[in-house]
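These notes are about the structure you will find just below.
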Amino acid sequence: MTPADTGASTVVDAASAAPAVPDSTGSTGSTDSRMAPGGPGYRRMSFALFLAGVATFALLYSTQALLPLISGDLGVTASDASWTVAAATGGLAVFVLPMSALSERFGRRTVMTASLAVAVSVGLLVPFAPSLPALVALRAVQGAALAGLPASATAYLAEEVRPRALVTAIGLFVAGNSVGGMSGRVITGWVAQEWGWRVAVGAVGLVAVACAVAFRLLLPAPKHFTPGSLRPRVLVRTVRDHLANPLLRRLYAIGALFMTVFGGVYTVIGYRLTEAPFSLPQGLIGSIFLVYLVGTVSASTAGRLVGRLGRRGALYLGAGTTAAGLLLSLAPSLPLVLLGLVLITAGFFAGHAVASSAVGKTAQHGRAQASALYQSAYYVGSSAGSTVGAVAFHSGGWAGTVAVGVLAVLGVVVITVSGSLAARRAAGTPVRALSLPR
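With the working numbering, the residue at position 137 of the sequence shown is 137, and numbering never jumps.
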């Protein structure tokens, strides 16, 4: 089934289906007109999508490091303030699938440009939100707009970049995502310490505006995009098929549960560190998000982990590492809390990388929708973790947030075990080891 049939696209679909572009003589191969390192437009394209990734994730999580200040300024609880994060990630979760379909009809660059334009415009309004409901509403719109970026960027790369250069190009976009998510939190932390959370969010908005303008000026016009028609029936049928697949359902649940832990921990950690016995200033709290660099390393080694331990072993290792970090973070010692965050981050990114890569291998058709559904589940988990983790903190302190995380990790283990048993029963083999299908 082609991307036009399904209503969306992913790297896997487009990379495997995109034909080599013929030259004037009708031959293919070395005359492929798609972009490659050293070729015309490649650097511009790479830098443009890097900036798009920076803008997207800086905006998406711009309030996360500022929640204690938002609580104090607006006079709301931690659980109330957490909705400023949950609304943005929830909006993205809901709209990522529709946006992927729109990119098939109107083009990747068009959807990405429109998404960034709306998101940065809303970002400039966020600092002036007069109340928490207004702030949450603006953040929900912002998240919905940002859904157009992950839905379109990888498809653009798959269509416009030669297959051998595709992994490198996607790596630069993902690097922009992580840099944006990390730098947005760090910048807001230090700016807010001097001038308050509204100025900090406004600063992120201005950075995002600059990134969006540069993105639009630098990104080359697509040469290999073929518009498709919006066919809701085909899209619905494909989505229904994926949701009927037990293994895909388990992978979606695993991604959501891992993100529940991560979203809850990083939404609430600012509150924990502002309280005794730590009493850290806002700037240092924002710098805690530099721990994300650990996740970049663990995600990049996930492939080797699967090669050595199998998918089951890698998931268990990720879950165990995350659980160990959660328990370690209970200690009233800043070095131990930081070590706990390192373990939580490493375990989360490893588990997420294993689960997300397995989705593309499991889906036999409509991989675009399979990946979009995983992203939806992933950000639903982020929203749930942000909200439930904050409610648990309000009720039981940091131990309450940790309890929510441990339950989510146990859910990952239970799903992995049940999947192993189901696969062995289906194969008619004795249940002597617990492993997910490879």
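Ideal placement from N, C-alpha and C gives every residue a C-beta, glycine not left out. This structure is a prediction, so every number in the text was calculated from the model and none was measured.
Are residue i and residue j close, meaning C-beta to C-beta below 8 Å?
i    : j    : result
A93  : S376 : yes
L317 : L305 : yes
A155 : L66  : no
S103 : V96  : no
V261 : L315 : no
V120 : V199 : no
G389 : V265 : yes
L135 : V126 : yes
A408 : T401 : no
L373 : V239 : yes
G358 : L251 : Residue identity differs from the one stated: residue 358 is Ala in this sequence, not Gly. Yes, these two residues count as a Cβ contact at 8 Å.
H336 : W197 : It should be pointed out that residue 336 corresponds to Leu in this sequence rather than to His. No; because the gap between Cβ atoms is not below 8 Å, this pair is not in contact.
G91  : A55  : no
Take residue i and list the residues in its own chain whose beta-carbon comes closer than 6 Å to its own, dropping the five residues that flank it on each side.
i    : result
K223 : none
G283 : G189, W190, Q193
S382 : T89, M259, G263
L343 : T321, A324, G325
W83  : V136
G181 : F57, Y61
T113 : R216
C211 : L51, V54, A55
Kindly give me the distance between the Cβ atoms of residue i and residue j, rounded to whole angstroms, as I take these residues to be in contact under 8 Å.
i    : j    : result
T77  : H394 : 5 Å
G143 : A88  : 4 Å
E159 : F225 : 6 Å
R109 : L206 : Contact doesn't hold; Cβ gap of about 23 Å is too wide.
A319 : V412 : 5 Å
G396 : T345 : Not quite, the Cβ-Cβ distance comes to about 23 Å (not below 8 Å), so this is no contact.
S71  : A81  : 5 Å
Alpha carbon to alpha carbon, how far is residue j from residue i? Give it in angstroms, no decimals.
i    : j    : result
L248 : V186 : 35 Å
L157 : L51  : 15 Å
G286 : L338 : 13 Å
G347 : V414 : 17 Å
T60  : Y379 : It should be pointed out that residue 60 corresponds to Leu in this sequence rather than to Thr. Near 11 Å, if we compare the C-alpha coordinates of Y379 and L60.
G270 : R34  : 46 Å
G7   : P227 : In this prediction, G7 scores a pLDDT of 34, lower than 50, which makes its location untrustworthy; the coordinate-derived value is nonetheless stated afterwards. Between G7 and P227, the C-alpha separation is close to 10 Å.
T25  : V236 : Residue confidence is low: T25 scores 34 on pLDDT, short of 50, so the model does not pin down where it sits. No coordinate-derived value is stated.
V122 : A203 : 13 Å
R424 : G53  : 41 Å
F128 : V213 : 23 Å
R312 : L124 : 45 Å
P163 : S46  : 15 Å
S333 : A253 : 33 Å
G303 : G39  : 29 Å
A426 : A256 : 25 Å
V350 : G310 : Contrary to the premise, residue 350 reads as Ala rather than Val in this sequence. Looking at the two C-alpha atoms, the distance is approximately 13 Å.
R43  : A221 : 14 Å
L138 : V118 : 11 Å
A403 : L341 : 15 Å
L273 : W398 : 10 Å
V234 : A363 : 16 Å
H352 : S371 : 13 Å
F289 : S298 : 16 Å
P281 : A101 : 44 Å
S356 : T31  : 34 Å
T301 : P130 : 45 Å
F278 : V406 : 23 Å
G307 : S183 : 32 Å
W440 : G41  : In the structure as shown, the chain begins at 1 and stops at 438. Residue 440 is therefore absent and cannot be evaluated.
D241 : Q369 : 10 Å
V161 : S79  : 44 Å
In chain order, what residues of the same chain have a beta carbon less than 8 Å from the beta carbon of residue i, not counting five sequence neighbours either side?
i    : result
P246 : G419, A422
M99  : V111, S115, A147, G148, A151, S152
F106 : P227
L243 : R249, L373
Between which two residues does the alpha helix (DSSP H) containing residue i stretch?
i    : result
R44  : 42 to 60
V268 : 246 to 274
R312 : 302 to 328
H242 : 232 to 243
M35  : From DSSP, M35 is part of no alpha helix (DSSP H); its letter is neither H nor E.
G90  : 83 to 106
G72  : 67 to 74
Q142 : 132 to 146
V201 : 197 to 218
I288 : Per DSSP, I288 belongs to no alpha helix (DSSP H) and is neither H nor E.
I want to see whether chain D comes within less than 8 Å of residue i, judged by CB atoms only; does it?
i    : result
I344 : This model lacks chain D altogether; it includes just one protein chain.
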